[in-house]
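Structure, as structure tokens:
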Amino acid sequence: MSFVVIIILLLLACATYGIFKTISHPAFITSFLWFCILLIYQTVDHGLYALSDKLYGVLLLWNIGFCFSLLAICYVRFPIFVNWRYERYNSAMKVLLPIFIISLLIAIYGLYIKGNYYNSDNIFRGIRESSVLAMEGEDDFQYPMYVTFAMAVVGQSVAVLISLLYVGKKKNLFVIIYACLVLLFFVMRSNKYAMAQLLLAFLAISSYNNTLSKRKFFVYLVCFLGLMLTVHLLRAGDGYEFDFVKFISVYFLAPLPAFDNVLNTHIDYISDFHGEYTLRFIIPFLQTLGFSVEGNPDPFNLHNWTYTPLPVNVYTIMFSYYVDWGYWGIIVFSILLGTFWGGIWKGMEKGYKVALVIYSSFFYMLVFQFFADFFFQYFWVTFQTILFALFLFFSKNTCKNRI
1 MSFVVIIILL LLACATYGIF KTISHPAFIT SFLWFCILLI YQTVDHGLYA
51 LSDKLYGVLL LWNIGFCFSL LAICYVRFPI FVNWRYERYN SAMKVLLPIF
101 IISLLIAIYG LYIKGNYYNS DNIFRGIRES SVLAMEGEDD FQYPMYVTFA
151 MAVVGQSVAV LISLLYVGKK KNLFVIIYAC LVLLFFVMRS NKYAMAQLLL
201 AFLAISSYNN TLSKRKFFVY LVCFLGLMLT VHLLRAGDGY EFDFVKFISV
251 YFLAPLPAFD NVLNTHIDYI SDFHGEYTLR FIIPFLQTLG FSVEGNPDPF
301 NLHNWTYTPL PVNVYTIMFS YYVDWGYWGI IVFSILLGTF WGGIWKGMEK
351 GYKVALVIYS SFFYMLVFQF FADFFFQYFW VTFQTILFAL FLFFSKNTCK
401 NRI
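Residue numbering for the sequence shown follows full-length UniProt numbering, starting at 1 and increasing by one per position.
As structure tokens, then:
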């Protein structure tokens, strides 16, 4: 079964590349990514448990649903009633740039005081500890109101940076200052995947614009691994002994046997209603409307470690869809996400810069499918980023286009 699925994924990746002649297409990235991970898993001595045929089966379901729906949407014509075919962002950026610079300074200060509150000896570890406590609902630290507002603003800092560097016509001192502040902010967050979002956004644009040489790719790879390791070591405790093989296994391979364990143990993770993992973002609204729903108190399974044999509590992108609705969840959401990425890609091909900004901002979601679901687990952030990008490139000239 493993050999058959690996070959099918390779053929799917080759077919996608043959059609679109680019490695930046979401269907190619998805199929080739899973092909590489499965091939590495089968050929490298990583010490993790063997994978069952069930996992290979659901991976095949996921890739077929995602890739075929994505390819289908690329050939569908549908109307767009507002012209977002701007070659650059609109005049609102003149006001937004100083606001974002000030907000980043405040947010960086906020992270410093929060990290110092939890661990005065290692603020990076303190920031990480606060993130875990927040997921568990036990974070007792309160930002001042002005810091809370600044944190909300800088949530769109990547979209602004991409627009300034790759869509704008001029690079001035303020843009350079802004870029440095964004980098510092992401390092301070002590979150490896937040850092990866930034670096992968640049990689995505370089790949799409056909400016990604072998040398530049090597530089991206070194920076990516270097910054991931830096953040990992900065937040580590005293006496921590770094093991590179264990680091790679835990973050890149272990989610597969962890999800395989979910598929084969038949544990009912639902505590209230089906959909409480995938659609957890609507629970506050349901509660406001008077519905008696609580949702899962531990949506990230922080207390449900799976031993692979390495301890891990992430289960690939498919976990929430599966525990909510079983195999149908995997099929339906692979089609939904494939349709979304197909629409974004089609907009890029038709020259919509806003689509390029959205694509690069979300590129990390494609790359980290093997780790977790970032689209629906943080859906309000996803939704806000899309709206903000549309706002940046909004034109008053409306017209009916077909893309």
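Heads up, the beta-carbon is just placed ideally off N, CA and C, and yes, glycines get one too.
Alpha-carbon spacing of Tyr41 relative to Val58, whole angstroms: 16 Å
Mind reading off the beta-carbon distance from Gly342 to Ser157? Whole number of angstroms is fine, and I expect it under 8 Å. About 27 Å separates the two Cβ atoms, so there is no contact after all.
Cβ atoms of Asn63 and Ser91: under 8 Å apart, would you say? no
With DSSP collapsed to three states, give me the class of Tyr89. Correct three-state label for Tyr89: coil.
Report the three-state DSSP secondary structure of Phe81 (helix, strand or coil). Note that Phe81 scores 47 on pLDDT, short of 50, meaning its location in the model is unreliable; the coordinates nonetheless yield the value given after this. Note: Phe81 maps to coil in three-state DSSP.
Span separating the alpha-carbon of Phe383 from that of Val357: 14 Å
Let me check understanding here. Comparing Cα to Cα, which of Leu164, Phe141, Pro26 lies closest to Pro98? Leu164
Would you kindly work out how many angstroms separate the C-alpha atoms of Ser131 and Gly18, rounded to a whole number? 43 Å
Residue nearest to Met1 in terms of C-alpha spacing, selected from Ser103, Ile102, Asp53: Asp53
On the premise that Phe252 lies in contact with Phe370, defined as a C-beta separation below 8 Å, what is that separation, rounded to the nearest angstrom? 7 Å
Contact check, Tyr364 vs Tyr193, beta carbons under 8 Å: Yes, the pair counts as a contact, with Cβ atoms nearer than the cut-off.
Using beta-carbon positions only, say whether Thr288 and Asp324 come within less than 8 Å of one another. The answer is no: Cβ separation not under 8 Å.
Name the residue from Ala372, Ile335, Leu366, Phe368 whose alpha carbon lies nearest to the alpha carbon of Ala72. For Ala72, the nearest C-alpha among the options comes from Ile335.
Tell me the rounded alpha-carbon separation between Pro309 and Met145. 44 Å
Using the C-alpha atoms, what's the distance from Gly110 back to Thr316? Each residue's alpha carbon lies about 32 Å from the other.
Measuring CB to CB, does Val262 end up less than 8 Å from Phe319? yes
Going by DSSP, what residues sit across from Val314 in a beta bridge? Bridge partners of Val314: none, in fact.
Does DSSP put Tyr352 in a helix, in a strand, or in coil? coil
Does the structure place the segment 9 to 16 close enough to the segment 268 to 277 that three or more beta carbon pairs sit under 8 Å? no
Is Trp345 closer than 8 Å to Pro26 when the C-beta atoms are compared? yes
Can you name, in chain order, every residue of its own chain whose Cβ lies under 6 Å from the Cβ of Ile101, other than the five neighbours on each side? Tyr178
Can you name, in chain order, every residue of its own chain whose Cβ lies under 6 Å from the Cβ of Gly338, other than the five neighbours on each side? Its chain contains Phe66, Ser69, Leu70 as the residues whose beta carbon lies nearer than 6 Å to that of Gly338, once the 5 sequence neighbours on both sides are disregarded; these appear in chain order.
Bridge-paired residues (DSSP) for Tyr307: Paired residue(s): Pro311.
Hey, Ser103 and Ala159: beta-carbon distance below 8 Å or not? no
Ends of the alpha helix (DSSP H) at Phe68? 53 to 73
For Met188 and Ile108, which I take to be in contact (beta-carbon distance under 8 Å), what is that distance rounded to the nearest angstrom? Contact between Met188 and Ile108 holds: their C-beta atoms lie close to 6 Å from each other, under 8 Å.
Distance check for Asn191 and Asn122, CA to CA, integer angstroms please. If you take the alpha carbons of Asn122 and Asn191, they lie about 15 Å apart.
Which whole-angstrom value describes the C-beta separation of Leu227 and Leu199, a residue pair presumed to lie in contact below a C-beta threshold of 8 Å? Indeed, because the Cβ distance is near 7 Å, the residues count as touching under 8 Å.
At what residue ranges does the segment 192 to 236 contain a whole run of the alpha helix (DSSP H), taking only runs of 4 or more? 192 to 208, 214 to 234
In the DSSP assignment, the alpha helix (DSSP H) including Ser157 goes from what residue to what residue? Ser157: member of the alpha helix (DSSP H) spanning 157 to 162, first to last residue.
Simplified DSSP assignment, three categories, for Ala389: helix
When the Cα atoms are used, what is the spatial distance from Lys21 to Gln142? 50 Å
How many whole angstroms separate the CB atoms of Leu10 and Phe35, which I take to be in contact at a CB cut-off of 8 Å? 5 Å
Three-state class that DSSP yields for Ala254 in the structure shown: coil
Leaving out five residues on either side along the sequence, give the residues of the same chain with a beta carbon under 6 Å from the beta carbon of Phe374. Met365
Using C-beta distances below 8 Å, list every residue in its chain close to Gly326, excluding the 5 sequence neighbours before and after it, in chain order. none
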